[in-house]
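Asks: Quick note, the sequence shown lines up with residues 205 to 429 if you use my numbering.
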Amino acid sequence: MEATTLLTLFSLLFLSFTPKLGECAYSHGISSPPAVLDSFGNQVRKGEYYILVAWPNKPLPLLYTSSIFPLVNRNGTCWVQHEIEVFTIAKPSLPVKFSPIEPNEDEFILESTLIDIKFNEAAVSYVCGGSSVWRVGDHPDQVFGQQFVNVGGHGEARTTWFKIVKDSKLPHNNYNLLFCPGDSSGCRDVGIFVDGDGRERLALADCPVPFGFSPYRNPGVNTLK
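#1: What three-state label does DSSP hand Gly416 in the structure shown?
#2: Verify whether the separation of the beta carbon atoms of Val413 and Ile396 is less than 8 Å.
#3: Suppose contacts are defined by Cβ-Cβ distances below 8 Å. Is Val353 in contact with Ala294 by that definition?
#4: Could you tell me the distance, in whole angstroms, from the CA atom of Cys332 to the CA atom of Asp310?
#5: What separation, rounded to the nearest whole angstrom, lies between the Cα atoms of Ile321 and Trp365?
#6: For a minimum of 3 consecutive residues, which ranges assigned as the beta strand (DSSP E) are wholly contained in the segment 343-410?
#7: Do Ala258 and Phe415 have their C-beta atoms closer together than 8 Å?
#8: One question on the structure: do Arg405 and Gln285 come within less than 8 Å of each other, judged by their Cβ atoms?
#9: Using the beta-carbon count (16 or more within 10 Å), is Ser297 buried or exposed?
#10: Could you name the residues of the same chain whose beta carbon sits closer than 6 Å to that of Cys411, not counting the 5 residues immediately before and after it, in chain order?
#11: Cβ-heavy atom distance between Val398 and the ligand COA below 7 Å?
#12: Using C-beta distances below 7 Å, list every residue in its chain close to Leu245, excluding the 5 sequence neighbours before and after it, in chain order.
#13: Quick check: the Cα distance between Thr363 and Pro265, rounded to an integer number of angstroms?
#14: Can you tell me whether Leu314 is buried or exposed? The criterion is at least 16 other CB atoms within 10 Å of its CB, across all chains shown.
#15: Report the rounded CA-to-CA distance for His343 versus Lys262, giving the unit in angstroms.
#16: Label Gly356 either buried or exposed according to how many other C-beta atoms from any shown protein chain fall within 10 Å of its C-beta, with 16 as the threshold for buried.
#17: If the criterion is Cβ atoms closer than 8 Å, does the pair Phe417 and Asp242 meet it?
#18: Write down the C-beta distance between Lys367 and Phe312 rounded to the nearest angstrom, noting that I regard them as a contact closer than 8 Å.
#19: For the beta strand (DSSP E) that contains Ala258, what are its first and last residues?
#20: Starting from the Cα of Ile255, find the closest Cα among Glu325, Asp401, Lys301 and Ser236 and give me that residue.
#21: Between which two residues does the alpha helix (DSSP H) carrying Ser271 extend?
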């Protein structure tokens with residue numbers, strides 16, 4: 205009798221901790237990474253344009269603004285330039301959009317997934333000519349010894365793949381950009397290189413720069429391709 209009672213209690217305990225059919229079916233699966241958030245806390249959408257803001261928490265002098273845009277330099281190279289200038293004469297930031305390398309059904313850009321970064325094609329064609337895709341050269345620049353982020357990629361895995369990762373050291377929606385040439389183990393941080401003349405360019409760096417994403421609110425945004 206006592207043995208039967210113990211067996212019954214054991215069975216009840218087992219059943220109480222056994223999930224019903226269909227419960228926790230994916231508890232051991234790999235969950236999707238979170239979506240990247242813009243400066244307003246909204247999810248960054250695929251194919252929509254955003255203003256990339258470097259040092260989003262860094263206070264700027266009064267009447268100054270930060271801009272990121274392509275600029276033709278020597279030998280026709282089109283580098284990605286960063287500039288802090290008085291807003292009345294500053295060049296406007298050129299918006300960028302993000303596209304996942306692997307097609308998926310998500311509406312949003314997810315953290316730590318491979319992406320292409322593109323400026324507006326029409327604007328880049330006017331300024332630099334050619335492709336609007338961000339890329340990183342295979343070798344350091346001969347003058348500065350840096351691997352600069354430039355424009356002109358065509359989807360080659362070794363030169364155009366980036367990731368957006370959360371910057372855990374900073375509050376709010378701050379992220380780091382990583383250049384990942386086809387292998388996540390070889391990712392490098394994107395920072396800002398300042399040359400002797402004070403010009404700032406995006407380049408691979410040991411010290412990453414935090415970035416934020418501000419929705420591009422232009423009445424003609426639908427005309428951007």
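For every residue, glycine included, the Cβ atom is placed at its ideal position computed from N, Cα and C. Every value quoted in this text rests on a predicted model; they were computed, and no experiment measured them.
Replies: To lay it out plainly:
#1: Note: Gly416 maps to strand in three-state DSSP.
#2: Remark: C-beta atoms of Val413 and Ile396 approach each other more closely than 8 Å.
#3: Cβ atoms of Val353 and Ala294: not closer than 8 Å.
#4: Roughly 32 Å between the two C-alpha positions.
#5: Across the structure, Ile321 and Trp365 are spaced so that their CA atoms are roughly 8 Å apart.
#6: Taking only runs of at least 3 residues, the beta strand (DSSP E) segments lying wholly in the segment 343-410 are 353-357, 366-370, 379-383, 392-398 and 404-409.
#7: Yes. Within cutoff.
#8: Yes. Within cutoff.
#9: So Ser297 counts as buried.
#10: In the same chain as Cys411, and ignoring 5 residues on each side of it, the C-beta atoms closer than 6 Å to its own belong to Gly395, in chain order.
#11: Because no ligand of any kind appears in the structure shown, any question about the ligand COA cannot be addressed here.
#12: According to the sequence displayed, residue 245 carries Gly and not Leu. Around Gly245: Asn377.
#13: Cα-Cα distance, rounded: 35 Å.
#14: Counting Cβ neighbours within 10 Å, Leu314 comes out buried, since at least 16 surround it.
#15: Rounded to whole angstroms, the gap between the alpha carbons of His343 and Lys262 is 31 Å.
#16: Burial call: buried.
#17: Yes.
#18: Rounded, the Cβ-Cβ distance is 15 Å, inconsistent with contact.
#19: Counting along the chain, the unbroken beta strand (DSSP E) around Ala258 starts and ends at Tyr254 to Ala258.
#20: Closest by alpha carbon: Lys301.
#21: For Ser271, no alpha helix (DSSP H) run applies; the uninterrupted beta strand (DSSP E) run containing it begins and ends at Tyr268 to Val276, by DSSP.
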